[in-house]
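Protein chains in written order, with this note's numbering: chain C, 195 to 277; chain B, 312 to 684.
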């Protein structure tokens with residue numbers, strides 16, 4: 195399967211993977227996000243920024259390739275923030 | 312570094328751990344050694360000590376499991392989450408779980424159990440994740456060399472905030488061997504504390520370590536005594552195997568321990584006087600069992616005793632002078648073992664092969680000639 199060209203939107207399965215990761219390690223609430231909240235600086239974007247800040251990545255609030263690559267790295271199951 | 316909310320920590324320094332089950336990826340001894348070394352990472356920079364229990368409830372229970380395994384955090388198959396652990400507390404508090412769907416190793420192939428366990432035990436002691444990229448408590452697995460592992464200052468600052476620095480005087484704990492300096496296998500001046508056979512292999516003891524050698528194999532394994540037999544002291548002075556009973560006896564001072572495999576036999580350690588030694592004998596220099604005659608020889612300074620394993624009693628007419636029955640063997644003997652109808656006596660860095668049938672020394676070698684240096 196050819197590599198995805200730079201900055202193409204991530205697929206459905208990756209979206210699920212990203213949301214799982216943020217729930218598991220950054221305390222993203224698993225409650226459905228009200229649509230109007232999506233337009234603003236949504237909780238997902240905040241959590242992505244929190245993760246990028248904690249792991250020393252460029253803080254963009256977007257799931258760029260570096261962020262996605264970091265999310266796929268093997269790690270400890272204990273969360274990075276929160277309870 | 313960071314702490315769990317509320318900064319939970321253990322309110323005692325002497326902690327216990329128990330390995331509830333073992334991954335099939337590694338030998339039991341390698342798992343135990345990796346776990347013991349992982350605790351040693353933390354005991355070396357704090358007042359904490361870690362003692363291994365073989366049954367019952369320990370502060371830190373260690374297990375391997377796949378997918379859902381009885382807590383609210385199922386594992387996720389190969390890769391992804393490797394392990395998790397709980398902060399100090401009762402019940403599941405402190406416990407560490409390792410994902411059995413990973414491949415666990417004792418070397419730098421993924422995933423090295425020692426490295427992951429050292430990280431998880433940081434959680435078991437109260438550390439949360441650190442955002443310092445090369446610290447042990449950084450969330451992601453690092454392919455560092457387990458043999459040159461060094462704790463990051465950030466980890467040390469974190470754990471010492473919880474428990475303080477190590478006690479000034481060296482503390483006698485199981486998990487921190489007195490001389491953890493690793494002896495050099497091919498040093499020409501290597502002097503052994505004790506040597507014995509065990510189930511076809513030879514074990515050469517020195518301080519807190521022993522070398523394991525199979526006569527037919529060239530390589531030799533170096534291990535911590537405590538990784539096989541955590542109940543044994545360091546500095547073993549004598550040891551011998553009674554193959555017919557599948558037992559090995561270890562001596563230090565006026566005590567001795569009998570083991571079967573990994574296990575200490577009930578009601579041990581015992582006092583050496585129970586073997587029939589006079590009360591003025593306070594320690595044994597070396598011991599060896601001759602399976603053909605059923606006799607065990609104990610060497611103390613320039614004398615030796617002979618013990619009948621069948622009658623379980625010392626033979627009358629002993630002690631006798633060593634050189635009267637072992638010409639060419641002068642006192643004091645460091646160690647001795649029996650192999651293919653010969654006695655191998657160790658004195659300093661020399662090894663003397665003694666042939667009982669001709670009652671003479673037939674070869675003199677370096678003590679570590681078995682290590683193929």
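Even glycine gets a Cβ: it sits at the ideal position worked out from N, Cα and C. Being a predicted model, the structure only gives us computed values, none of them experimental.
- Message: By the DSSP assignment, the alpha helix (DSSP H) with residue 246 of chain C in it spans what residues?
- Response: 237-248
- Query: Could you check where the beta strand (DSSP E) with residue 651 of chain B kicks off and where it finishes?
  - Reply: Run containing residue 651 of chain B: none; DSSP gives neither H nor E here.
- Bridge-paired residues (DSSP) for residue 566 of chain B: B:563, B:582
- Message: Suppose the cutoff is 7 Å on Cβ atoms and the five residues either side in sequence are ignored; what does the same chain contact list for residue 255 of chain C look like?
- Response: 239, 242, 243
- Task: Could you tell me how far apart the beta carbons of residue 451 of chain B and residue 267 of chain C are, in whole angstroms, since I believe they sit closer than 8 Å?
- Result: 5 Å
- Task: Output yes if chain C places a C-beta closer than 8 Å to the C-beta of residue 396 of chain B; else output no.
- Result: yes
- Task: Would you mind giving the Cβ-Cβ distance between residue 548 of chain B and residue 563 of chain B, rounded to the nearest angstrom? I have them listed as a contact below 8 Å.
- Result: 5 Å
- Query: In terms of DSSP beta bridges, what is residue 324 of chain B paired with?
  - Reply: Answer is none; residue 324 of chain B lacks a bridge partner.
- Tell whether a beta-carbon distance below 8 Å holds between residue 251 of chain C and residue 264 of chain C. yes
- Query: Between which two residues does the alpha helix (DSSP H) carrying residue 474 of chain B extend?
  - Reply: 464-474
- Message: So, for residue 332 of chain B: in the same chain, excluding its five sequence neighbours on each side, which residues have a beta-carbon less than 7 Å away from its beta-carbon?
- Response: 374, 375
- Would you identify the three-state DSSP class for residue 264 of chain C, choosing helix, strand or coil? helix
- Message: Taking beta-carbon pairs under 9 Å, can you tell me which members of the stretch 417-437 of chain B lie near chain C?
- Response: 421, 422, 427, 430, 431, 434
- Item | 8 Å contact criterion, which residue 435 of chain B and residue 394 of chain B should meet: CB distance rounded | Incorrect: roughly 11 Å between the Cβ atoms, too far for contact.
- Message: Please state whether the Cβ-Cβ distance between residue 579 of chain B and residue 540 of chain B is less than 8 Å.
- Response: no
- Message: In the DSSP assignment, the alpha helix (DSSP H) including residue 352 of chain B goes from what residue to what residue?
- Response: 339-354
- So residue 523 of chain B and residue 535 of chain B are in contact, right, with Cβ under 8 Å, and what is the actual spacing, rounded? Not confirmed; about 12 Å, so no contact.
- For residue 470 of chain B and residue 438 of chain B, believed in contact at Cβ under 8 Å, the rounded distance: 6 Å
- DSSP state of residue 600 of chain B, grouped into three classes? strand
- Proximal chain C residues relative to residue 391 of chain B, where beta-carbon distance stays under 7 Å: 268
- Item | Under 9 Å by beta carbon: chain C residues contacting residue 468 of chain B | By Cβ distance, chain C contributes nothing, its closest Cβ being about 18 Å from residue 468 of chain B, past 9 Å.
- Query: Does the beta carbon of residue 274 of chain C sit closer than 8 Å to a beta carbon anywhere in chain B?
  - Reply: yes
- Item | Cβ of residue 440 of chain B within 8 Å of any chain C Cβ | yes
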